[in-house]
Every structure is written in C-alpha cells, then in structure tokens.
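Number of protein chains: 4
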Amino acid sequence: MIRFNCDYSEGAHPRVLEKLVQTNLEQAPGYGADVFCRQAADLIQSLCHAPQAEVHFLCGGTQTNLTVIAAMLRPYQCVIAPDTGHINVHETGAIEATGHRILSIPSADGKITAQQIDLLCAQHWQDDNPEFAPQPRLVYLSFPTEFGTLYSKQELLDIRRVCDENKLYLFIDGARLGYGIAAAGNDVTLTDLAALCDAFYIGGTKLGALLGEAVVIPNEKIQKDFRYFIKQKGAMLAKGRVLGIQFLALLEDSLYFQLGAHANEQASRIRRAFEKVGFVAAYDSPTNQQFFALPNSLIKQLEETYTFAHIKPLSHNQTLVRICTSWATRAQDVDQLIEDLTRLTEEK
Amino acid sequence: MIRFNCDYSEGAHPRVLEKLVQTNLEQAPGYGADVFCRQAADLIQSLCHAPQAEVHFLCGGTQTNLTVIAAMLRPYQCVIAPDTGHINVHETGAIEATGHRILSIPSADGKITAQQIDLLCAQHWQDDNPEFAPQPRLVYLSFPTEFGTLYSKQELLDIRRVCDENKLYLFIDGARLGYGIAAAGNDVTLTDLAALCDAFYIGGTKLGALLGEAVVIPNEKIQKDFRYFIKQKGAMLAKGRVLGIQFLALLEDSLYFQLGAHANEQASRIRRAFEKVGFVAAYDSPTNQQFFALPNSLIKQLEETYTFAHIKPLSHNQTLVRICTSWATRAQDVDQLIEDLTRLTEEK
Amino acid sequence: MIRFNCDYSEGAHPRVLEKLVQTNLEQAPGYGADVFCRQAADLIQSLCHAPQAEVHFLCGGTQTNLTVIAAMLRPYQCVIAPDTGHINVHETGAIEATGHRILSIPSADGKITAQQIDLLCAQHWQDDNPEFAPQPRLVYLSFPTEFGTLYSKQELLDIRRVCDENKLYLFIDGARLGYGIAAAGNDVTLTDLAALCDAFYIGGTKLGALLGEAVVIPNEKIQKDFRYFIKQKGAMLAKGRVLGIQFLALLEDSLYFQLGAHANEQASRIRRAFEKVGFVAAYDSPTNQQFFALPNSLIKQLEETYTFAHIKPLSHNQTLVRICTSWATRAQDVDQLIEDLTRLTEEK
Amino acid sequence: MIRFNCDYSEGAHPRVLEKLVQTNLEQAPGYGADVFCRQAADLIQSLCHAPQAEVHFLCGGTQTNLTVIAAMLRPYQCVIAPDTGHINVHETGAIEATGHRILSIPSADGKITAQQIDLLCAQHWQDDNPEFAPQPRLVYLSFPTEFGTLYSKQELLDIRRVCDENKLYLFIDGARLGYGIAAAGNDVTLTDLAALCDAFYIGGTKLGALLGEAVVIPNEKIQKDFRYFIKQKGAMLAKGRVLGIQFLALLEDSLYFQLGAHANEQASRIRRAFEKVGFVAAYDSPTNQQFFALPNSLIKQLEETYTFAHIKPLSHNQTLVRICTSWATRAQDVDQLIEDLTRLTEEK
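Chains as they are written, first to last, in the numbering used here: chain A, 1 to 348; chain B, 1 to 348; chain C, 1 to 348; chain D, 1 to 348.
What follows is the structure in structure tokens.
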C-alpha cells in the first residue's frame, strides 16, 4: 500500500536523523538546557525577527495545545475556536480536562472571521450576568487549518484587532506551519506570526521530524513561568536535546520550508488530476491536504493500492476523503496515483 | 566536563539509532497502531509472561505517572507514595493537577513498607467520617527508588498483600527499571512485576532510548479505555513508531539489561573507590545511582572535571551528592574519576 | 415593582420557615447525619417507591449538577445535553471545570430526542479512532426544561432505552421539578423518574425553600462513595439539618406540589391573557415559565410596574421575554398584570 | 444527650431567624444582588475600615476555601498551610481537586511561623530547577486554628512581611473568627485582618447562622472576576439574600462578637474545671474549643450524658478529646458537666 492518508507515515527526514546520529555521544544537560535547544531557539528568534520571544520545544500537537492554552487562561475563562479546530474534534477533550470550555464558532472551511469573534464577545459582555458563562479570553486558530486552507495576512490583522479590542490572546496552532508558509499565494511570514500572535508553534511532527513542536511565545506575560507548565503537563523531555537537534536540522538552510514546498507541489499535482476528471476539491487548499467528495466505488478501487483518510460519509454512495502528501511523498507514487485515477475514471 | 550528574546526558544507544535509521522510510499507521509497536508489545508480554497485559508506549516519566495514576483513581481518591517519590518531589504537582492528593509516607531510603501502607489505610477507615479525607486507592513505588535502592521480592509480596487487603492498586515507576533488574542481589523479575502490579513501566529514557517508557498493564480494569487517557493527556505520538522501534532495539537480545549491568558495574567501581577513601555510600544502592556526603572542598575540586547532582546541603561544609552512571558511561572516565578522587583525598 | 422575572424573588414558604423556627434549638449531628435529613430522605424514598435509592441534600442547581456529573464520569468521558441546557448556558463552565466536555445537541424547545442521542453515540463509535474524542457516557436533561416544556413519559422511556443501548447514564435536573410534576397534562411521576433515571433531583430553591436540592440516586453504582464527592465539592453543609428540615416541610402533605400547581395556574392565566391579545407563547409550556416575543415598546410600558427576564433580542424592536410565576405569586398581582396588558394593547 | 462535640449542633441564633421571617416576602433580585447583601457588605467594609474591600457571601468553609484558593493561584502554584489546617485534614482533597498541591508545614498547636514559611520558600527558589516543584504563592492560616489557638498581631505582621518578601498572598480562614476576635488576650481586630490579608472570611455557620461565610477581599487583584469563580464552583445561591440577611442580623449591634464571647466564657469555665481536677488543656486555647487528654474510662462515663469529639487515641487507655461550646451553649449545661466531672473524678 502507498499511504496518502496522513503526513506522518514515515520517520524523519534523513538530515534530521543524521544530525541525531552525529551528536549522539556529546554530553549535554537535560530538560532543554542543552546547547542544541539554545541554538535552535536562537535560530527561530532570528527567523521570526523576535529577539524577545521565548522558544520551547514540546513533543506533539495535543500536548502543545493543552499546555499553551492552560498557560493563557484563568480557571473561569474559555478559548474561542472554529468548530472544526483540532482541539475541538481530535484531542479527547484535552482542553476541558484542564478545566476550560471551548467556545466553538461554526466554520465551513476551517477558518473563522474577526467578525464572528467580535460577535461572540459582544454576546458575552452584553449579558446582565456575564459571570454566568465562561469568559472569552483566547482565540485558537490553525495555520493551515484542518482543511488545508490559509488565512491571509489581512485576515490575521483583522483578527488581531478584534482580539485587542476584546482583550483576547491569539494562539496559532502551526502543526503544519511549514506547508502553510511555503504555499503558493501565501502572504504570511514567520515574522508576521511573531508580531501578531501571543504564541504559536512550528510543527515538526508532521513536517520532517520524528516528533517535536517549537512553541514561540512573543508575549512576555505568557513567557513567565512557562517551564512550570511544561513540566507539570509531562511535556518536558529529560533528553530535551532530541527536539533541539531536530529543529536545528530542519531550520538550518530552510530545509523545513523546502520540504513543505515539495509536499504542496505534489498535492497540487494530485488536485489538478482530480479536477481534470471532474472532482473539484472540497476546500480551497494550497497546502498538502486535499479533500474530495468521491464515489465509494472509486474509493474502493483506489484503496486497492493507496490509503486515504475518510473524513465523513456524504451520502450512501459518496464519501469525503482527504489525500495528504508530505515531505516524504515520492513523485513517482503521485505519478502512479494520477495514472490509476485517470484510467479508472476513463473506464466508466 | 565529564558528566556523572544523571543518566540522560547522551542520545540513544547506537543500536537504537541504527534501527530508527533502518526503518525510517517504511510507511506505517500512526498513533501506536504500527507493526513496530505491536512487535515491541508482543515481546514485552512475552518477557513478562503476561499474555493478557496491555502494553502502551509513552514519552517520559512525569507523563507516564500522571496518565496511569489518573486512569486508576476516581476524583476523591488519593495515591500513597514515599515522601521521596518522584511524583512528590520532582513533577511540579502533576498529580495534583489531575485532581488527586499524594498521601506521602516518610521514607529514609526511598522505600516504604507494607506496614506503613496498612497503617495509613487503617487511619483513614477508622475515622468517623472517612469521607472527610481523600480515600487511599493506589500505592506508587519506584524500582529502583530515587536513591537507587531496591525492594526485595518478599517486600513486594508483602506490599501486594496489604494492597489486596485494603483494595489498593499497585503501580511501580520503572523509569530506571533495567538498572534494578540487572542489579547484583536483585531477586525481582519482569515476570514478578507483571504478576504483582496493576501497572508498571519499563523506562527507556534513562536507559538507552532517546525517549520512551513502556507501560505494562496486567490489570484488565485499568486496560479499559486507556488509550483515551493517553490521548487526552497529550501523550500519544502521531509517530508512535518512534517508541516501538526503540523498545524493539533495546529488548531484542537483552540489550536493555546488558546496558543496565554495565552502568551498575561502573557505579559499583565508583562506590568502592569512595568507600576506600572513607566515604560510605549514603544508601545501600546496588544500581547506577550512588550517593555520598562529601566535603564541599572536595566537591569543588572534583567539579573542575566532573559534574554531579547536588541533592541537598547537609551542613555548612558538607553536601549530599549523587554520582550517576549510565549505559553510556565509559570505563576510562570512571578510571579517571577514581584516580582523581584517590589523589585528591591522599593530598589532604 | 412586581417581580415576574424569576421564581426565587422571595424567601421561603412560611411553613418552611415555621419548621426551621420550631426545630431551631434541637441539637443534632452535623453533615447530614441528623434526624431531619433522615426523615426527609425516607419520605422521598417512599414518594418515589424506591427504597434502594439514596437521597442527599445539596444547596443549589449548579452545585448539584457538577457534583452528580463528576460522580458519573471518568476523566475522558463527556455528558450529552441540549444546547439550551442549564449546564451549557448558565453555569460558567462548571462542568468543564471538573474536566468534562459537554456534548451539546441542538434543541428548539429545550428538549432533545432519543434519536438525537442515539445518532451522537453512533458517530462516536463509528470513528476509526473513537478515543480521539471524549466518550459519551451520560445524558443530562431538565424536567421541566429551561423553556418550561416537559418530556412525556413515552419520550423518557425512549431516551432510557437508547441510554441502555449506548451504556449511558441518565440524569435529570429537577431544579423546577414540582412545577413539572404538577403541570396539566403531565404523565410523569416521581416513581417514573426513580425508575428511569440513574439520578435526578427535586429542586427546593426555586420552589419554596430558602435553598436546597434533594438528589435521588436509584443507581447503586453512583451511590458508592457519593458523600466523598459532596464533601470535596464544598457541597456538604455543617448544618445539613437546614436542608432536611425544609424538605420535610415541603413534602409533608404534598405542599411542594400544591405550590407548583398554584404557580402553574397563575402562569396559565398570564398565558391566556397574552394569547388573547395576540401574543402566542413561544414554547408549549404548561409550567410556571412563559415566553413571549414582545414589542420593545410594550415591554417598556409593562416594565414601569413589572420585571421580566430578557432572554434575547429577536430584532431591533422585538425581544423574547420570560414571565415567571412561583409558589409566592399573588393572584392579585397577576390580575393587575392582565389588566395592564389588556389596557396597553387595546390602546394601540 | 447534651452536645459539646461541635459548634453547629443547633440552627441559628433566634435573631437571625427573626430577620429571615421579617424579610421573607420582600421581593429581591437573585444571586447576591439584593439589598440585604449590599447592606451587609457595607457594614463589613465599615467594621473592617476597608472601603475598597469586596465582600461576597458563600455557604460553608470548604466551599469558601476552595473558591478563594482557586482564585489566588495559577495552575502550577501551591498553597502553604499548617499540616493541621482544615484544608489539609478535613476537606477530602478539595484543594487538590482544583489542581493545587498543599505544601504543609509541621505544626504542634495549629500555628505556623514566619520563619517556617520563609524557609520553605528559600528551599523552593534555591533549587537548580525550581520549576520541578509547585511554586509557593499563598499562605493559608486559620484564626482561630483547629486547636483554638490564636496568632498575635505581631505574629501576623511577621507572616505578612515574609509573604511580601516571597511574593505570597495571605488568606485567613475565619470559620470561627468571632470566637477569636472576642477571646481574652486577643489583640487582632477586623481592621488588622483587612490590612494584613489578601482575603479572609468571617464565619457564620459555626457562629450563629444557619449557614454562611462572608469573604472579605481587600486585594483588588483577587477581586477581579471573583463572581465567575463563585458561580463556577457552585457557590452562588439563587437566593443570595439568605446569606446577606443572616450577616446583617449577626453584625448589627455586635451580636456576632457577643455570641463569641459567651461561648469563650463557657469554654473557659470548662477548662478551669478540668484543670482543677488535674487535666491540663492540651493547647493554649482562649476560644470555644478545648482539648484534653482523658482516660477512656472517664470519657465513657461522661459520654453517658455528653458528646465530645474524639480527636485521636493517645494510648490504649487515653484519648485526646475536643470539648466545644458555641453561641447556643447553655450555662446550666456547663454547670452540669462541671458537676459531673467533679463527682466522677472525686470517686476515683
């Protein structure tokens, strides 16, 4: 089987492994105090043009989301998120397990708007007894979203503005950040994110690392005592170096963004092939995730060779599927998929 | 500097890295459903003679402790632990953050006794209103303990008996399990632990892996829905393979226990050297951690070349230090330490 | 001003206060172990025909909801509720603060159906990785609902059936139970509730007591160690007698249900008067809460004399208001309201 | 039986009940926004000479402790308390259930010292990795303590100083405050408490009310959004008036302190009687709780007529008991106890 169901089917990019091997016997202090983490943090500060930002390395998305969100909220406060957001659909109530409600906003394509956020806050504060509902304090977004879509820089500026007007923090889940930054048409940079967000992260797990997310915290209020949170949530590795080394390998020479661009290009080829045979992409995604409503019969035929993610049944004979590329996707596998798709749809 | 301050100063044992490299481009399902995790779990079941046990792979000690303990307790129940236990002194209140009190028992050497546990339970249930205090439901031990000491099989049998009599689960933190199993004089086996515990873990992070703890759950009640806990606590890696592969490398051909034996032997050499010059080990540790009350002047001299962990000041001019070996400790570094120690103490 | 905005504008029914006065200097044990609580519990068991049920007395609705729900769920489980349910809209995230998600079901009139519950469970269990979302384990309903509506006995039987099929507990919030039981057309009895629910409560605060909710727990699994939960959540009064005495006063001679019937009758008079002048009730409520979409101009005129609860603006010149009667509502005040309403609407 | 086992064996002082009866049918807004709560709050501000202080009314001690402490701490912070403190021994882990560790300090008589607090903080901050343990942020004391003892004003000034030096909040549990303020030799006033504490409370439940604790919050940082905490923890009564009315009755004309003085006087008579027959009080308590180590044979004889609280067995034939008076203790019951005690001890 050739896996197109997700972007974490392989290990790490070879250069990441090489660096782990090269540095393996160098002794270093534990818990993220090593030279590799420090160098990686310096590099990220520099790439973000944010010398005041703190950088911490955590293991995975759910862990990062619950740790950062817990650090941003008081017990009676809640986080605003798209109803399709990862924290709302894919994390087993991890946020609620830290005591906080997720206030979800309906989203058709994974994105929400400044206006929706503003309205939600207005509703809270207009109540005679606002204290009878959790207080909105934080907006959680993903870049790219769960559906591969991207916010424009203007959309993020608008969201930042309503955040400021409503005393909200802004936290961006960048589990797939590299695919977004490298996408055709994207106008958002690391520097923009560091200027607009109170915290965001650069996802490694889904883009070339064995595991690891680099959390960037430009806001000094959130920086304070953040290591207590990391440790308490079980997110501090004794061998923190394992994460620092990988991010060094990924971010030196822009490998991370090259890998993102590669995956996007392969995804784009797949998208064009599907559109050519009549299946319009369900979302306007310039990144590595592509979604199509396909006949179950076609899915069954393709799944003799390939795996996809089944998102949801749309009818008795049609299903929304996700096709996902990654840094590791081989062009020849995409060739073969396109060829098979063309053949199978021509036969009909 | 030569680091003797902990057992996680290097990366992973070379065979662990090799296996990561060899398998790197094989595609596999995510979240622990891969063939490597399955093989590693099968191997562990087999080594434990516990075919009914579930095996899960988590990242680190604090994460494992908080996840397992949360799975074992109802909200009003508490965990009994030595006051020196890792969950009580080194985890930033991670257990309390899941809502549970740690009921600590004074311990001189890291161990507690069946009798102490029994007494604590008796006190709880004899109260007119037992519901005014958290209900004891779980005993947490470490093997080896924080001070390198070990429970004998008989001691564990006694503890299991009082656990049964008091309806308590037994959970053993095996962050350094391999050092314990391989220790001279130890009579506790993996099979014993699987028979005696409701859950325990085989620690990888501190014994040859980049990261990783293999949780073994013989008790079917704790098995139920355990993956929900792992996911909710942010402890489920997308690339679960990273953990499975490492445990395969460590447990095939008993590498894990050979590495433990190596570290113990080096620690034993250090211990003998210190005792020879008049410093009796503070605890009766047959494992890789050795503790000595040393004059600050000697510590200062040694720390020109070596790092140790400072446990606590004992007086104005004496400090309790920990000297720690690992799978990676080189015999020549121990030679040099012994030589320096001998020279420095002779000079006086 | 004459208050019709809620059902807790006065103190307690005079017979409740009398009993508090009469028993005031009798000495009794604390924490609910007194003879008054025992007698009230016995009486409730008897009224419910549920000799095996446990009865506990708590202070208010939010406290009761969070305590019972915390006792019913494991950390990774969630509670299903109408999106209009009190726990979802009026309790400051109290349920999430105990670590649990509320899985809300859209409701037009405060009620949800067996089919909706069944569908939600099916969606959870059909997922390839059900453990990526909180596990449904409990259904929370209100009787009457937030909009004064009632479930029929058949509807509750259907819900119980899907609960059994999906291994869900059923918990009914009876903050206004007496209004529901006493309502015209209602076919649900205390005995039915005790047979159908794993837990429910008989609300005192909103029906004649100073404060107090009597929790009835027919399911023995939930009974176990429930007092630990009450105490831990700060819900156990030192003078538990204060609650037992009040419920004795309310339930002896069916005072509770007579008060409910009185309030319903006054609410029904108000409803008929509004309908007579052209304002159809927004919900089919046979209980003490009536909802009307009224022109803001009329609201303003009426609010010179009366208070109502503003539920939400419907347009620039129309608002949904709640008019609420209680055990304490005086017929002459309702006469006056009807008179004023008639006059004001005739003037137009 | 005549109850001396606690100070909550009766209902409320008659003047409290009278005021509840008198005001019963006055309509008022819910949730503490009524005129009675406002008047009571104003009166308390005035008595404390703290016009900036916020006053809130909650139901009981555990509820108040968990609500205030949750409002004072971030998730990784802990509360320092005497090991004998109510939160540590009598609240079913309510504090841990909000996620926080209690860092207990050994106490012989219920009190702790400024020096002990200072030392604990020094230990935390001297660690190489302070973030591996919960961060001390709050000191919890009781006035009077669980053993009836009192802090002097100088002791509280010293504690406040180390709190300031270590960035700690100070919170005083005043469940029995009136007994303390009214005690012979006490030099601490309400005004002192309001000047020294970030929050404290005036306990009603154990001193003349049916239920109720008046929380005084001089520190504006803790005031912010405190009603969200009250509501989320289930501590906000719909009929908040029930608490406001009672505190009005208790604090008008200093009734509260007169009742405290009465109870202290009766306790003092009991103490002198016991000391006369050779039983020295176990603690130097000038308040309503007296503790004696008594022979079990004497306890058995006295318990034919009186109830005491058994604190703990001291040996096979001796037990530490608490004898407790209250606002409701009748002088003739104390006469009778003294008479019986004298007779029984003379017989020997």
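Where is the CB? At the ideal position from N, CA and C, for every residue including glycine.
| Item | Value |
| --- | --- |
| Three CB pairs or more closer than 8 Å across the region 222–238 of chain B and the region 61–74 of chain A | yes |
| Residues that A261 of chain D contacts on chain B, provided the C-beta gap is smaller than 8 Å | Ordered by position in chain B, no residue passes the 8 Å Cβ test against A261 of chain D, which lies about 29 Å from the chain. |
| Neighbour flag for C197 of chain A against chain C, beta carbons, 9 Å | no |
| Chain-ordered neighbours of F57 of chain C on chain B, where CB pairs are closer than 8 Å | The contacting residues do not exist; F57 of chain C stays about 15 Å from chain B at best. |
| CB of V68 of chain B within 9 Å of CB of E146 of chain B, strictly | no |
| Interface flag, P286 of chain B vs chain A, CB-CB below 9 Å | no |
| Alpha-carbon spacing of D109 of chain C relative to H124 of chain A, whole angstroms | 22 Å |
| Any chain A beta carbon closer than 9 Å to N129 of chain D | yes |
| 9 Å Cβ cutoff, T191 of chain B in contact with chain C | no |
| Beta strand (DSSP E) runs contained entirely in the region 192–279 of chain B, provided each spans 3 or more residues | 199–203 and 213–217 |
| Bridge partner(s) assigned by DSSP for Y140 of chain B | B:F171 |
| CB contact flag (Q246 of chain A, G212 of chain A, <9 Å) | yes |
| Near-chain C residues of the region 314–332 of chain D (beta-carbon distance less than 8 Å), N- to C-terminal order | A328 |
| Chain C within 9 Å of P82 of chain A, Cβ atoms only | no |
| Extent of the continuous beta strand (DSSP E) run through F308 of chain D | That residue, F308 of chain D, is in no beta strand (DSSP E); it is neither H nor E in DSSP. |
| Given S9 of chain A as reference, the closest of B:G11, B:P29 and B:V16 once Cα atoms are compared | B:P29 |
| R86 of chain B, buried or exposed, once every other Cβ within 10 Å from all chains shown has been counted against 16 | The sequence given here has His at residue 86 of chain B, not Arg. By the neighbour-count rule (16 or more Cβ atoms within 10 Å), H86 of chain B is buried. |
| Alpha-carbon spacing of E155 of chain D relative to A114 of chain D, whole angstroms | 7 Å |
| Contacting residues, own chain, Cβ-Cβ under 6 Å from T307 of chain D (five flanking each side not counted) | M1, R3 and N5 |
| Boundaries (first-last residue) of the beta strand (DSSP E) holding V79 of chain D | Q77 to P82 |
| Span separating the alpha-carbon of A71 of chain D from that of A97 of chain B | 15 Å |
| Span of the beta strand (DSSP E), counted from its first residue to its last, around I338 of chain B | First-last for I338 of chain B: A331 to E347, but that is the alpha helix (DSSP H), not the beta strand (DSSP E). |
| Where E146 of chain A meets chain C, residues with beta-carbon distance less than 7 Å | Residues of chain C passing the Cβ test: none, with the nearest at roughly 13 Å. |
| Cut-off 6 Å between Cβ atoms - residues of its own chain near I112 of chain A, not counting five sequence neighbours on either side | P82 and I105 |
| CB contact check: G180 of chain C to chain B, cutoff 9 Å | no |
| N317 of chain B, buried or exposed, once every other Cβ within 10 Å from all chains shown has been counted against 16 | exposed |
| Own chain partners of A267 of chain C with C-beta closer than 6 Å, once the 5 adjacent residues on each side are dropped | N288, Q290 and T325 |
| Length of the line joining the Cα atoms of K221 of chain D and E54 of chain D | 11 Å |
| Local Cβ density within 10 Å of E131 of chain A, reported as buried at 16 or more and exposed below that | buried |
| Span separating the alpha-carbon of I117 of chain C from that of C78 of chain C | 13 Å |
| 9 Å Cβ cutoff, I105 of chain B in contact with chain A | no |
| Close Cβ partners of A40 of chain D (< 6 Å) along its chain, the five nearest in sequence each way excluded | G244, F247 and L248 |
| Interface residues of chain A facing A94 of chain B [CB-CB closer than 8 Å] | K231, Q232, K233 and G234 |
| Cβ contact check for the region 323–337 of chain B and the region 261–277 of chain B: 3 or more pairs under 8 Å | yes |
| DSSP beta-bridge partners of I102 of chain A | A:V79 |
| Rounded separation between L43 of chain A and L251 of chain A - CA only | 8 Å |
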